[in-house]
Amino acid sequence: TNLLSLGYNVSEIASVLCISPYTVRRHLSYIYEKLGIRSQIQLVVLYFNGNGKAEKDTRYDTGKQCLLSKREAEVLVLYNQGLVSKQIGEALFISDSTAREYLRRIRKKLGVD
1 TNLLSLGYNV
11 SEIASVLCIS
21 PYTVRRHLSY
31 IYEKLGIRSQ
41 IQLVVLYFNG
51 NGKAEKDTRY
61 DTGKQCLLSK
71 REAEVLVLYN
81 QGLVSKQIGE
91 ALFISDSTAR
101 EYLRRIRKKL
111 GVD
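Mapping of the sequence shown onto the UniProt record's numbering: position 90 corresponds to residue 90, and the numbering continues sequentially without gaps.
In structure tokens, the structure reads:
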């Protein structure tokens, strides 16, 4: 939801996360269903009403080169589902410290503290 709150469209989100636009739309439909909403606007409003806040309006590089590796994208998806590094490690068959290192790299690449 953070990328949506910054104004990214489905294609831009797909580029940042190195996944297909179809996959982004599928994930959004799951999120909408779980939250009982029907649109991106409702999702962003819900995000802000839940004390979410948009970071500075800096665009991620959405050029042809992906910011995240495939593995980093997998880690990010699990992290965004609420898993902690130990759970991410178990899900991906990597150590807790490796999962933490992936999260550190992801934060650095995306400019998140």
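A virtual CB, placed ideally from N, CA and C, is assigned to each residue, including glycine. The structure displayed is predicted, hence computed values, not measured ones.
- For L67, there is no enclosing alpha helix (DSSP H), as DSSP marks it with neither H nor E.
- In its chain, beyond the 5 residues on either side, L17, C18, L76, I106 and K109 have a beta carbon closer than 7 Å to the beta carbon of L68.
- Separation of K70 and G111 (C-alpha to C-alpha, rounded to the nearest whole angstrom) is 18 Å.
- In the DSSP assignment, Q81 falls outside any alpha helix (DSSP H) and carries neither an H nor an E.
- Within the same chain, L3 and V24 come within 6 Å of I13 by CB-CB distance, once the 5 residues on both sides are set aside.
- Taking 8 Å as the upper bound for CB-CB distance, L103 and A91 are not in contact here, some 13 Å apart.
- DSSP places L6 in the coil class of the three-state scheme, outside both helix and strand.
- A Cβ-Cβ separation of about 4 Å places I88 in contact with A99 under the 8 Å criterion.
- Taking 8 Å as the cut-off, the beta carbon of Y30 is found no closer than this to the beta carbon of R38.
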